[in-house]
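Student: This structure is in structure tokens; I'll ask about it shortly.
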Amino acid sequence: MLTTGDVISIVFFLSTLFVLLSGLPIAFSLAGLSLIFAGIGYLFGVFDFSTLFNLPLRYFGTMTNEVLVAVPLFILMGNVLERSGIAEALLMTTGKLFGALRGGLGYSVILVGALLAASTGVVGATVASMTLIALPAMLRAGYQPKLATGIICASATLAQIIPPSTVLIFTADILSAVNQTAQMRLGNFTASTLSAGELFAGALLPGLVLVVLYLIFVFVKSVLQPDSCPAMVMTDEERRDLLRDVVVSLLPPLLLIVAVLGSILVGIATPTESASIGVFGATLLAILNRKLTWRSALEAGRNTIVTTAMIFAIVLAASLFALTFRGLGGEHMVEQVLKNMPGGATGAMFIVMAVMFILGFFLDTFEIILIMLPICGGPLILLGVDPIWLGVMVAMNLQTSFLTPPFGYALFYMRGLAPESVKTTEIWAGAVPFVALQLTGVAILWMFPSLATWLPSALLH
328 MLTTGDVISI VFFLSTLFVL LSGLPIAFSL AGLSLIFAGI GYLFGVFDFS TLFNLPLRYF
388 GTMTNEVLVA VPLFILMGNV LERSGIAEAL LMTTGKLFGA LRGGLGYSVI LVGALLAAST
448 GVVGATVASM TLIALPAMLR AGYQPKLATG IICASATLAQ IIPPSTVLIF TADILSAVNQ
508 TAQMRLGNFT ASTLSAGELF AGALLPGLVL VVLYLIFVFV KSVLQPDSCP AMVMTDEERR
568 DLLRDVVVSL LPPLLLIVAV LGSILVGIAT PTESASIGVF GATLLAILNR KLTWRSALEA
628 GRNTIVTTAM IFAIVLAASL FALTFRGLGG EHMVEQVLKN MPGGATGAMF IVMAVMFILG
688 FFLDTFEIIL IMLPICGGPL ILLGVDPIWL GVMVAMNLQT SFLTPPFGYA LFYMRGLAPE
748 SVKTTEIWAG AVPFVALQLT GVAILWMFPS LATWLPSALL H
């Protein structure tokens, strides 16, 4: 039987979703609604305002969290690579490398999308840069518009799963806290904390599985429908300059990305230290290539500040939401509901993934993980779900929602930047096969959890 606190918790959660969908400023509306329901709970005698006394400590903990410092640094690294023209040179060079093949431009966009994902860590930024750079080239080469837009959108969403993703950094931070609490409740007082490096390692193989699935799809299209992705016509001069372009434009950023990501995975450096190296390396490359101007540097800095401020405002508001929801007894209610699901841990995991997938149609990824993971993460871990597998599954799941028509965020970004000659229905149609591929990737990870758990165990233990 539901208690008064349970009823208020349910109304609170549903009201939060309604307010977020209304388009109001997320951080302010989420924080304001949390205070309103804290007051309602207090009037009904089911909420103690002393619960909120922990809020300053949470905010101070967020401000002093060294791992979270990596977020603005990785965003800045991606912005420098994009604004200085290095990302464009990377895409053009890779396009020449594979362009002589049917589907070659598609292969290059997927591979560069994976590389940019490993540098920007933000889906919106990757969609924007790939659309402006790759889409005109693909359309000029005669690519089917829906195939071109589908490849670009799907490749850009790799920024969600391929480390160092900003989503993975926050997911690791949240799961580390809920895992520690869950382990203490299970009587395991010596459990090691979950690090961002472990989650990065866990996400790498599933991310590469998606890249392979995309490449296979383009190959099949090039065989069955060669007119949909013709080879690019190259001039004699472009062929002569190809080796120089590879050495100058492709190898340096590739080595930088490998150094940044590799240093995290093998445990040489923390994500924050690697991000600092990444920013320095990206800036140095831009200077050496004479592609860094005062205007591009200022724009990269401005974009980084705006994106970082938006993310951390949501983080602080979500902390207030989590404390209020817990104070009302909502966390205990969720734990009981998941524990009583048919199928045990498997059934509970399926329900949480389904809810997150649906929410992904309407809400931003950061909103979902910051609201759902503190509520559901602990109960799932108590049921025996591996926290690394859980984090990677959440990232893969929400990556799929970025592409799902008609609400996928990547599709909105694409529509805002694509030329009018590309119809909205073509963008939607182009996304559908890649949604199927992503769901295939999620299914593979569901059936083989070791894809997420083997590499962290091998590298970091």
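In terms of our numbering, the sequence shown opens at residue 328 and continues consecutively. Quick reminder that beta carbons are idealized off the backbone N, C-alpha and C, glycines included. All values derive from a computational prediction rather than experimental measurement.
Is the beta carbon of Gly757 less than 8 Å from the beta carbon of Gly405?
Tutor: no
Student: Give me, in chain order, the residues of the same chain whose beta-carbon lies closer than 8 Å to that of Gly656; leave out the 5 immediate sequence neighbours on both sides.
Tutor: Thr330, Gly332, Asp333, Ser336, Val373
Student: Assuming Phe497 and Ile696 make a contact with CB atoms under 8 Å, what is their CB distance in whole Å?
Tutor: 6 Å
Student: Using CA atoms only, rank isn't needed, just tell me which of Ala427, Gln487, Ala444, Ile488 is closest to Met465.
Tutor: Ala427
Student: Is the beta carbon of Lys798 less than 8 Å from the beta carbon of Pro706?
Tutor: Residue 798 falls outside the range modelled here, since the chain spans only 328 to 788, and no answer is possible.
Student: If you check the beta carbons only, do Leu462 and Ile479 fall under 8 Å apart?
Tutor: Here Leu462 is near Ile479, since their CB atoms are less than 8 Å apart.
Student: Note down, in chain order, each residue of its chain lying with its Cβ closer than 7 Å to the Cβ of Thr798, except the 5 sequence neighbours on either side.
Tutor: Because residue 798 is not part of the residues shown, which for the chain are 328 to 788, the question remains open.
Student: By a C-beta neighbour count over all protein chains shown, 10 Å radius and 16 as the cutoff for buried, is Asn515 buried or exposed?
Tutor: exposed
Student: Around the Cβ of Arg567, are there at least 16 other Cβ atoms within 10 angstroms (buried) or fewer (exposed)?
Tutor: Exposed is the call here.
Student: Leaving out the 5 sequence neighbours to the left and right, which residues in its chain are closer than 7 Å to Leu408 when beta-carbon positions are compared?
Tutor: Ala414, Ser446, Pro580, Ala609
Student: Skipping 5 residues on each side, what residues in its chain have a beta carbon closer than 7 Å to that of Ile641?
Tutor: Ile353, Ala354, Phe693, Glu694, Leu697
Student: Which of the three DSSP states, helix, strand or coil, is assigned to Val396?
Tutor: coil
Student: Just verifying my parser: in three-state terms, what is the DSSP assignment at Asn406?
Tutor: helix
Student: Where does Leu351 land, buried or exposed, given buried means 16+ other C-beta within 10 angstroms?
Tutor: exposed
Student: Between the Cα of Ala475 and those of Phe677, Val436, Phe739, Thr493, spot the shortest distance and give me the residue it belongs to.
Tutor: Val436
Student: Assess contact between the region 385-392 and the region 358-366, defined as three or more Cβ pairs (one per stretch) separated by less than 8 Å. Is contact present?
Tutor: With a cut-off of 8 Å, the region 358-366 and the region 385-392 do not count as touching, because too few Cβ pairs lie within range.
Student: How would you write the range of the alpha helix (DSSP H) that Ala596 sits in, first residue to last?
Tutor: Where Ala596 is concerned, there is no enclosing alpha helix (DSSP H), given that its DSSP letter is neither H nor E.
Student: Between which two residues does the alpha helix (DSSP H) containing Cys480 stretch?
Tutor: 472-483
Student: Where do the N-terminal and C-terminal ends of the alpha helix (DSSP H) with Asp333 fall, by residue?
Tutor: 331-348
Student: Flag this pair as yes or no: are the beta carbons of Leu521 and Pro490 separated by less than 8 Å?
Tutor: no
Student: Indicate the three-state DSSP secondary structure (helix, strand or coil) for Phe693 in the structure shown.
Tutor: helix
Student: From Leu583 to Met774, what distance separates their C-alpha atoms?
Tutor: Going by the C-alpha atoms only, they are around 34 Å apart.
Student: Would you tell me roughly how many angstroms separate the C-alpha atoms of Val394 and Ala523, rounded to the nearest one?
Tutor: For Val394 and Ala523, the distance between alpha carbons rounds to 8 Å.
Student: Would you call the region 757-769 and the region 493-512 in contact, with 3 or more CB pairs under 8 Å?
Tutor: no
Student: Between the beta-carbon of Pro732 and the beta-carbon of Glu525, is there less than 8 Å?
Tutor: no
Student: On the CB-based measure, 16 or more other CB atoms within 10 Å of its CB, does Glu747 come out buried or exposed?
Tutor: exposed
Student: Do you know offhand how far Leu766's Cα is from Leu432's?
Tutor: Using only the alpha carbons, I get a separation of about 24 Å.
Student: Assign Ile685 to buried or exposed, taking buried as 16 or more other Cβ atoms, counted over all protein chains shown, within 10 Å of its Cβ.
Tutor: exposed
Student: Run through DSSP, which three-state label would Asp713 get?
Tutor: Reduced to three states, the DSSP call for Asp713 is coil.
Student: Any chance you could list the alpha helix (DSSP H) runs of at least 4 consecutive residues sitting entirely within the region 574-639, in chain order?
Tutor: 578-592, 598-615
Student: Shortest alpha-carbon distance to Gly440 belongs to which of Phe425, Gly430, Leu417, Lys423?
Tutor: Leu417
Student: Between the Cα of Gly718 and the Cα atoms of Phe688, Thr378, Asp691, Val679, which residue gives the shortest distance?
Tutor: Val679
Student: Just verifying my parser: in three-state terms, what is the DSSP assignment at Arg429?
Tutor: coil
Student: Just to confirm my understanding: we take Val536, look at its own chain, exclude 5 residues before and 5 after, and list those with CB closer than 8 Å. What are they?
Tutor: Gly768, Ile771, Leu772, Leu778
Student: Please work out which residues of its chain come closer than 7 Å, Cβ to Cβ, to Val712, disregarding the five sequence neighbours upstream and downstream, and give them in chain order.
Tutor: Ala672, Met676
Student: How is Ser356 classed by DSSP in three states: helix, strand or coil?
Tutor: helix
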